[in-house]
Structure formats: structure tokens, C-alpha cells
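K.L.:
In UniProt numbering, the protein residues as written are 1 to 214.
The beta-carbon is built from N, C-alpha and C at its ideal position, and this holds for glycine as well.
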């Protein structure tokens, strides 16, 4: 989703000159967290927000209303977010995800979304093959076109002193053309951290994956 609760407040929904004009916007939001009194952990989070444009944007006085809900039961998390267009009284975009997370190196996530033009589904995960080796993968499939729009697979090795990671990235560019890239990363622990483009790419393409190799 292009507009989320976080994006409305951070300005990530804007790029270029639109980001400069964001100073003329007012965003109002409401967030409520339900906390387990015994563990101190949040088991239900509800959010809703809307931006009001002091200068009209695309002929509109305000953004779509964005809302989100996240329910956590043990290691299972269900997340649902949507954009509601109040001008036509319809849900413009929606996204749902169900995750089982043991840790950032052992999880599986299923997603389903509709951005108003394309319906998609995703499967993402990571698994520790050994104490030092973990594999990770993610695939996003367009249900509207019946093609895999993004596919990521790789493996990483982490020791006390160094870490290495190899990833194969496949992404559709235009039409039925794909861009295939293999990326390699090597980190000496204590001297550097993995803050490369590959790290941010993996965290963006594989939800819940911790890309940093420390």
C-alpha cells in the first residue's frame, strides 16, 4: 500500500516536489494499544489516520482514510490494513498478512493484497539450516496477471568474526521482461555492519526478515 498510517506521518507517500509541498498538510491520527498486564506486550494495536491538504492535491482536500489492525497471539500475528476513499465510499486498497515468527531468522509470512489495479499474494520466510547458516526466500505473485512479479532466494553464513550472504533477486521490469541479479555481501564483524543496498532490499522484499549481519 502506498498510503499507510506510518507513511502519512513520515511523508513517505510523497516523492520529489510533492515532498516539499507536504509542509502544507495536516495529518490527524488515532492509535490504541491493548497490552497484556502480565507480559507487558501489546496483543492488539488499532490505528486510523487521514491527511488534510491546505493546498489541494489532485483536486482533493484530504487523503484517503487509512486504518490498520494487528493482533498477536503467541507467535502468530495477523495484520490487516486498508485505504478507504470517503469520496466514493469504497475501500481503495487493502493488505493482509498472517505470520508465524519464532525470530528474525525463523519465520513464515503469507500475504494477500489489492491495490485497486492488481491483486497479489506473497509467501516469505527464513529458516536456520544450522546454528551458523540460514536460508531466506520470498515470492510475490500477481493474481491478476498470473505471474511472479518478484522472487528472492538466498543463504547466509554468520560466525563470530565474519559473515557472508548470497542472494538471487528476480523482479519484473516491464511487460514480461525480468531483471535477474545475483548479489554477494561480506562483513567483518566489529569493523562494519551490513548496511548495504542488499540489506535494505531484502528487508523490503521479505517482511519480518532482519537483513543486518552483525
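1) Looking at the secondary structure, which residues open and close the beta strand (DSSP E) in which residue 180 lies?
2) DSSP three-state label for residue 209, please.
3) Run through DSSP, which three-state label would residue 30 get?
4) Which residues does DSSP list as the beta-bridge partners of residue 157?
5) Determine, using beta carbons only, whether residue 112 and residue 144 come nearer to each other than 8 Å.
6) In this structure, does DSSP put residue 199 in helix, strand or coil?
7) Can you say whether residue 187 is buried or exposed, counting buried as having 16 or more other CB atoms within 10 angstroms of its CB?
8) Check residue 144 in the structure and name its three-state DSSP category.
9) Alpha carbon to alpha carbon, how far is residue 77 from residue 166? Give it in angstroms, no decimals.
10) Do residue 208 and residue 72 have their CB atoms nearer than 8 Å?
11) Would you kindly work out how many angstroms separate the C-alpha atoms of residue 85 and residue 10, rounded to a whole number?
12) So does the stretch 31 to 40 actually touch the stretch 50 to 60, counting three or more Cβ pairs closer than 8 Å?
13) Are the beta-carbon atoms belonging to residue 137 and residue 153 less than 8 Å from one another?
14) If you run the structure through DSSP and keep just helix, strand and coil, what is residue 24?
15) Taking only the alpha-carbon atoms, compute the straight-line gap between residue 110 and residue 156 and give it to the nearest angstrom.
16) Quick check: what's the CA-CA separation for residue 68 versus residue 123?
17) Going by C-alpha distance, which of 185, 150, 161 and 184 is nearest residue 178?
18) Check this for me: beta carbons of residue 183 and residue 159, under 8 Å apart or not?
P.N.:
On the basis of the coordinates in this document:
1) 177 to 188
2) coil
3) In the structure shown, the three-state DSSP call for residue 30 is strand.
4) 133 and 164
5) no
6) Helix, per DSSP.
7) buried
8) coil
9) 29 Å
10) no
11) Rounded to the nearest angstrom, the gap between the Cα atoms of residue 85 and residue 10 is 21 Å.
12) no
13) In contact: residue 137 and residue 153 (Cβ atoms closer than 8 Å).
14) helix
15) 22 Å
16) Answer to the nearest angstrom: the Cα atoms are 21 Å apart.
17) 150
18) no
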